[in-house]
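**Student:** Residue numbers (my numbering): 1211 to 1589. The structure that follows is given in the form of structure tokens.
Written out as structure tokens, the structure is:
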């Protein structure tokens, strides 16, 4: 038989400069999407595989925005060059965060409903629709609320993602099911309402955030990007502002793009969510997460201020892994903000997950085995 050589394609040009785009979501929201570009291996390695980029969609936590992933994105591209694997990276700001708009709301109740956690899944799916040409090779990486939104999006539209890497997704669960009485969960709603949201300048804001927890442990670029793209000019006229409440008069300076009241409302809404199994499973208790590979990652199981306590996100992770049939991965060197504190290690973990997914995708037994491990009865 005639030997057929591997198909070789014309070389493609890497373009890792960022394009900022506007993508509509539900409730009149317009999302800011940051398409970070694509990196291809050198033309000498231009096989079919190298021309099919791994597309990574990163989804941020409550109160942050897509640009805080800047150091993570740099590390993801660096790891791609090390692996010789084509990759495209996309981040975005969820509704009411960063450069995205707040939902159109005519009443307090409508505003509350438009910032419920299922609405962030709307935003994820809106961005997925935007990158639908990459859907067959689309991996989603979520952090905290972003991980929740990614899993909710997959549950609503099974098969959306090739894989899910969810770092400490937040869901509600009966305290009895956590199995231990020493779970620590701070009052984030109150903390958000007490947050200082106006500063004389971005430099002042950056210095303040770098001086105290949790951001004093963040990578310097994560803090710099959080301030640079998470603050807007405080002119006192909020009629054209991205995210703020009632119109007030203030002096010159900068203020958080996402108002502290909106951030607090999102936290408060989380406490009203149904239990995880009702959100990610069908009426028979079978998981709705059907993508071939799921990793539920978590940080340390010891709270930083008291090692006898278990942080709620870390305690929650095994339950989510059980419900989704995902693999539980523990990184004891991280806390809840591991992706922003240690972007290099986080990027390595994400790449290892994606490569496992690529291998699992080629094994027809992998999905069947994972489905067998999914929960078939209510917890």
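Positions of the beta carbon are idealized from the N, C-alpha and C atoms, including for glycine.
Based on the DSSP secondary-structure assignment, which residues constitute the bridge partners of residue 1441?
**Tutor:** 1466
**Student:** Let me check understanding here. Comparing Cα to Cα, which of 1228, 1286, 1280 lies closest to residue 1555?
**Tutor:** Comparing Cα-Cα distances from residue 1555 to each of 1228, 1286, 1280, the minimum goes to 1286.
**Student:** Excluding sequence positions up to five away, which residues of its chain have a Cβ less than 6 Å from the Cβ of residue 1369?
**Tutor:** 1500
**Student:** Have a look at 1272, 1249, 1266 and flag the residue whose alpha-carbon is nearest the alpha-carbon of residue 1401.
**Tutor:** Distances from the alpha-carbon of residue 1401 to those of 1272, 1249, 1266 put 1272 closest.
**Student:** Once you ignore the five residues that flank residue 1274 on each side, which residues in its own chain have a CB closer than 6 Å to its CB?
**Tutor:** none
**Student:** Give the range of the alpha helix (DSSP H) segment to which residue 1281 is assigned.
**Tutor:** 1280 to 1293
**Student:** On the premise that residue 1306 lies in contact with residue 1325, defined as a C-beta separation below 8 Å, what is that separation, rounded to the nearest angstrom?
**Tutor:** Residue 1325 to residue 1306, Cβ: 6 Å. Contact.
**Student:** Quick one: Cα of residue 1505 to Cα of residue 1544, how far?
**Tutor:** 16 Å
**Student:** Under 8 Å between the Cβ atoms of residue 1561 and residue 1289?
**Tutor:** Using a Cβ distance threshold of 8 Å, residue 1561 and residue 1289 count as a contacting pair.
**Student:** Can you give me the Cβ contacts of residue 1507 inside the same chain, cut-off strictly under 6 Å, excluding the 5 residues immediately before and after it?
**Tutor:** 1377, 1539
**Student:** Comparing C-alpha positions only, which one of 1470, 1415, 1352, 1412 sits nearest to residue 1403?
**Tutor:** 1470
**Student:** Is the Cβ-Cβ distance between residue 1364 and residue 1374 less than 8 Å?
**Tutor:** yes
**Student:** So the alpha helix (DSSP H) residue 1320 belongs to, where does it begin and stop?
**Tutor:** Per DSSP, residue 1320 belongs to the alpha helix (DSSP H) from 1318 to 1324.
**Student:** By Cβ distance below 6 Å, which residues in the same chain neighbour residue 1279 in space, the five residues on each side in sequence not counted?
**Tutor:** 1268, 1301
**Student:** Residue 1355 to residue 1327, Cα distance in whole Å?
**Tutor:** 8 Å
**Student:** Can you name the start and end residues of the beta strand (DSSP E) that residue 1333 belongs to?
**Tutor:** Counting along the chain, residue 1333 falls outside any beta strand (DSSP E), though it belongs to the alpha helix (DSSP H) covering 1327 to 1340.
**Student:** Once the 5 residues before and after residue 1237 are set aside, which same chain residues still bring their CB inside 8 Å of it?
**Tutor:** 1305, 1313, 1314, 1315, 1324, 1329, 1332
**Student:** Taking the alpha-carbon of residue 1510 as reference, which of 1502, 1496, 1525 has the nearest alpha-carbon?
**Tutor:** 1525
**Student:** Which residue from 1303, 1265, 1308 puts its Cα closest to that of residue 1297?
**Tutor:** 1265
**Student:** For residue 1488, tell me which candidate among 1340, 1534, 1419, 1394 has the shortest Cα-Cα distance.
**Tutor:** Nearest of 1340, 1534, 1419, 1394 to residue 1488, Cα basis: 1534.
**Student:** To the nearest angstrom, report how far apart residue 1431 and residue 1493 are at their CA atoms.
**Tutor:** 45 Å
**Student:** Quick one: using the 10 Å Cβ neighbour count with 16 as the cut-off for buried, is residue 1294 buried or exposed?
**Tutor:** exposed
**Student:** Taking DSSP as the reference, what is the three-state secondary structure of residue 1246?
**Tutor:** strand
**Student:** Where residue 1311 and residue 1517 are concerned, what is the direct C-alpha to C-alpha distance, given to the nearest angstrom?
**Tutor:** When the Cα atoms are used, residue 1311 and residue 1517 turn out to be separated by approximately 40 Å.
**Student:** What are the uninterrupted segments assigned as beta strand (DSSP E) that are 3 or more residues long and contained completely in the segment 1464 to 1549, given in chain order?
**Tutor:** 1464 to 1466, 1503 to 1508, 1537 to 1540
**Student:** Do residue 1303 and residue 1388 come within 8 Å of each other at the CB atom, strictly closer than that value?
**Tutor:** no
**Student:** For residue 1411 versus residue 1480, is the C-beta distance shorter than 8 Å?
**Tutor:** no
**Student:** Under a three-way DSSP split, which group does residue 1352 fall into?
**Tutor:** Note: residue 1352 maps to strand in three-state DSSP.
**Student:** With a CB to CB cut of under 7 Å and the five nearest residues on each side skipped, what residues in its chain are close to residue 1618?
**Tutor:** The structure shown has nothing for residue 1618, since the chain only spans 1211 to 1589.
**Student:** Here's a check: name, in chain order, each residue in its chain whose Cβ is nearer than 7 Å to the Cβ of residue 1557, leaving out the five neighbours to either side.
**Tutor:** 1282, 1285, 1286, 1289
**Student:** Report yes if the C-beta distance between residue 1551 and residue 1429 is below 8 Å; otherwise report no.
**Tutor:** yes
**Student:** Return the first residue and the last residue of the alpha helix (DSSP H) that residue 1418 is part of.
**Tutor:** 1412 to 1420
**Student:** Do you know whose CA, among 1553, 1566, 1465, lies nearest residue 1408's CA?
**Tutor:** 1465
**Student:** Taking only three categories from DSSP, how would you classify residue 1264?
**Tutor:** strand
**Student:** What whole-angstrom Cβ distance do residue 1441 and residue 1413 have, given they're in contact under 8 Å?
**Tutor:** With a Cβ gap of about 11 Å, residue 1441 and residue 1413 do not count as contacting.
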